[in-house]
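The opening position of the sequence shown corresponds to residue 5 in the numbering used here, with each subsequent residue numbered one higher.
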Amino acid sequence: MSDSRSVWGVGLTTISGDGTVLDAWYPEVGSGSPSADDTAAASAALAVLTGPDERRNVSVEVVQLQIDLDEAPASTADAYLRLHALSHLVVRPNELNLDGIFGHLPNVAWTNAGPMHPDDAARLRPQLQRAGIQVQGLDKFPRLTDYVQSAGVRIADASRVRLGAHLSPGTTVMHEGFVNFNAGTLGASMVEGRISQGVVVGDGSDIGGGASIMGTLSGGGTHRISIGARTLLGANAGIGISLGDDCVVEAGLYVTAGTKIVLADGPAMPDGGRKTAKGADLSGRDGLLFRRNSLTGAVEAVRRAGVGVTLNDALHA
């Protein structure tokens with residue numbers, strides 16, 4: 005295993021009464037190979053937190069693991085270590101192998117006292133209520149904030165950001181913002197819309213309220229969408245193509261790979277000969293404004309000059 009492409013973690017794993025590994029929490033995550041002293045000290049510190057929790061019919065055990073980021077996940081503990089590596093900013097989205105990860109993530113009843121097997125949550129409901137334990141969700145992925153406290157980040161609604169989200173310092177995720185696993189920001193950004201799996205957003209960019217960015221999980225596509233620096237995706241807009249630096253998509257406009265786009269200020273294509281293009285032809289290009297002509301209804305692309313949007317520093321400090 006190459007140290008440059010390996011990650012290690014020491015943490016706690018939760019196991020249900022039927023032997024199902026429900027989760028793994030890694031407060032200690034690092035790249036390369038750990039020293040024996042590192043793992044021994046971390047394991048000793050966590051050992052006091054192990055043991056059974058009869059209320060949830062689970063037991064908690066220490067887990068130590070080192071994985072190769074180029075190999076596919078091999079277990080639940082392995083899958084959780086990959087998600088932690090993303091959220092601890094040890095690795096960026098799309099820079100590790102996540103093939104088959106869903107098969108290693110059981111559906112879990114997430115409670116305010118920790119994870120449970122869904123069958124146990126249903127069976128033990130009266131006892132849980134008396135103990136003040138509530139089921140907050142049924143999903144394969146937990147909330148980011150239950151496992152990782154991202155430094156320098158604001159998250160208004162923790163239920164809308166999954167473990168495995170990569171949030172750089174200075175990022176603000178507002179109440180309606182959503183960030184999936186293996187997705188996130190590479191700098192200080194404003195997120196009021198949806199960042200789907202596999203999508204990365206550059207420094208100083210703004211994902212407007214209700215805006216949507218296509219991912220690859222359910223749509224069948226393979227293109228990993230990225231948004232450059234200082235780019236604005238307007239409110240209720242959407243994209244199925246990448247955007248470069250200093251771009252703007254006007255509010256309410258959805259641009260996909262197949263969208264027919266008029267090059268409103270003259271040829272903008274490399275061959276210099278076309279007046280129209282498909283969205284895919286403009287994917288990733290810098291300095292473009294995408295808009296809908298209010299008279300003809302045609303989608304247009306106009307070249308922009310200068311720097312794109314500027315975030316409010318006070319909101320992202």
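Just so it is clear, CB atoms sit at the ideal spot from N, CA and C, and this is done for glycine as well.
Reduced DSSP category for residue i - H, G, I as helix; E, B as strand; rest coil
i      : result
Gln131 : helix
Asp41  : helix
Ile19  : strand
Pro146 : coil
Thr24  : coil
Ser327 : Absent from the structure is residue 327, since the part of the chain shown begins at 5 and ends at 321.
Ile159 : strand
Glu47  : The sequence given here has Ser at residue 47, not Glu. Helix at Ser47.
Thr115 : strand
Leu299 : coil
Gly181 : coil
Ser222 : Unreliable placement is indicated for Ser222, whose pLDDT of 46 sits below 50; no coordinate value is reported for it.
Thr80  : helix
Asp317 : helix
Ala125 : helix
Ile217 : strand
Residue from the options whose Cα sits closest to the Cα of residue i
i      : options                           : result
Pro173 : Asp143, His92 and Asp22           : His92
Gly55  : Thr17, Thr43, Ala215 and Gly301   : Thr17
Phe106 : Pro122, Pro77 and Val11           : Pro77
Leu87  : Ala44, Gly34 and Asn116           : Gly34
Val112 : Ala51, Thr24 and Val203           : Thr24
Ala284 : Ser298, Val259, Leu292 and Leu299 : Val259
His179 : Ala162, Ser39 and Leu190          : Ala162
Arg307 : Leu167, Asn316, Gly262 and Asp250 : Asp250
Arg134 : Thr175, Arg60, Asp143 and Arg166  : Arg60
C-beta contact flag for residue i and residue j at 8 Å
i      : j      : result
Ala81  : Leu69  : yes
Asp290 : Gly242 : no
Gly238 : Ala268 : no
Val195 : Ile217 : no
Leu90  : Phe185 : yes
Ser8   : Ser37  : no
Glu58  : Ile19  : no
Leu167 : Leu148 : yes
Identified DSSP bridge partners for residue i
i      : result
Ser246 : Answer by DSSP bridge pairing: none, since Ser246 is not bridged.
Ala305 : Leu267 and Phe294
Ile231 : Val205 and Leu247
Lys279 : None, per the DSSP bridge assignment.
Glu65  : Thr17
Asp57  : Val62
Gln70  : Trp12
Ala187 : Ala169
Ile211 : Val195 and Leu237
Does the pairing of the stretch 91 to 105 with the stretch 123 to 135 give three or more beta-carbon distances under 8 Å?
Because the criterion of three Cβ pairs below 8 Å is not met, the stretch 91 to 105 and the stretch 123 to 135 do not touch.
Can we say the stretch 133 to 148 touches the stretch 114 to 122, given the rule of at least three CB pairs closer than 8 Å?
By the Cβ criterion, the stretch 133 to 148 is in contact with the stretch 114 to 122, since at least three pairs of Cβ atoms, one from each stretch, lie closer than 8 Å.
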